[in-house]
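Enquirer: Pasting a structure below so you can have a look.
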Amino acid sequence: MDTAADRYTPDTERSRVTVSRAMTEASGILKKRGNLALLVTTFLFCLLVTFAWYTVIQLLSILFAIFTLGGVSTTVSLLLNVLYYVLSALLFFIGVMPAWLGRLRLAGRMCLGDTPMAREVLYYYTSFRRAVRAILTGLLLAFQVLLPAVLILGAFVGVFALYDHVLWAYLDDGPAILLTVIGCILAAAVAVAILMLTGFYQLTTAIAVGDESRPVWSAFADAFRYGRRNPGAIFLFSLKSLWHLILSLCTFGVLFLFWYAHHYILSYLRLSMALCKGDDPS
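So in the working numbering, the last spot in the sequence shown is 594, and the numbers never skip.
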């Protein structure tokens with residue numbers, strides 16, 4: 313009679329090999345002449361576009377502040393705040409997101425063995441249809457990133473709010489701190505579970521950018537289908553990527569700028585290609 317370990321070990325090993333192969337292939341692509349320099353250049357360009365957006369919304373905030381100096385009602389002030397955040401979001405999805413997605417598409421061409429030009433980072437600015445597709449893909453990407461982030465942050469905020477408003481008021485310091493530590497451990501466990509569950513749609517952006525013949529929204533359903541079949545590989549990839557991010561922080565972002573930012577995007581695309589095609593690493 314098979315044990316649980318006998319049943320799950322092959323899947324675990326297959327996931328490990330798939331992720332390792334995707335990251336190894338990404339390293340090989342980066343080492344090809346000109347690829348790393350191109351990705352660094354386009355990364356800096358995207359940062360410049362993002363900084364320009366930030367500068368614009370800061371100017372908008374100053375203009376809104378000047379407008380309210382004369383004194384306005386609470387309702388008008390609330391409407392202006394809503395308008396400010398709506399404009400900021402629109403400017404981001406219209407002006408910034410196409411650049412980052414253009415860089416993702418450029419990296420995808422590298423994964424296919426092509427030699428793209430730096431100007432291809434502007435791909436989604438070249439027509440109205442492409443711009444709309446970039447905006448819709450950006451909305452999916454925002455949902456993909458914000459959902460787990462909000463849920464995980466909410467779990468930890470809830471633990472500390474419980475300490476501030478309940479435990480600290482009704483218990484001694486020792487039991488209150490002990491229960492808070494236990495709560496943090498439980499929140500960490502919840503975070504792991506959330507990462508596993510939300511990993512089901514992690515391939516959405518890669519599919520939306522890689523297959524322009526299909527509607528953007530269908531990419532979510534496709535990603536969920538492929539992610540449901542390969543939860544171990546996606547979760548392992550997320551853990552390894554988190555470790556690379558920690559290493560980058562330890563070097564004050566130097567490793568991130570000159571390697572991991574580009575290695576991540578290439579390995580993410582190679583993993584997406586492998587999982588969507590159902591490649592068997594064995």
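Heads up, the beta-carbon is just placed ideally off N, CA and C, and yes, glycines get one too.
1) Taking the continuous alpha helix (DSSP H) assigned at K552, which residues delimit it?
2) How should Q514 be labelled, buried or exposed, when 16 other C-beta atoms within 10 angstroms of its C-beta is the threshold for buried?
3) So does the segment 494–505 actually touch the segment 459–470, counting three or more Cβ pairs closer than 8 Å?
4) Using CA atoms only, rank isn't needed, just tell me which of F440, T324, L418 and R445 is closest to S530.
5) Taking one C-beta from the segment 477–489 and one from the segment 517–526 each time, how about it: are there three or more such pairs within less than 8 Å?
6) Taking F357 as the reference, give the member of L561, D476, R431 and S339 with the closest Cα.
7) DSSP on R582, reduced to helix/strand/coil?
8) So, F355 versus A573, is the Cβ gap smaller than 7 Å?
9) Could you tell me how far apart the beta carbons of H575 and L342 are, in whole angstroms, since I believe they sit closer than 8 Å?
10) Counting only the same chain and skipping the five closest in sequence on each side, list residues whose C-beta sits under 6 Å from that of Y437.
11) Hey, quick one: how far does the alpha helix (DSSP H) through T386 stretch, first residue to last?
Expert: To lay it out plainly:
1) P543 to C562
2) buried
3) yes
4) R445
5) no
6) R431
7) helix
8) yes
9) 6 Å
10) P410
11) T386 to L403
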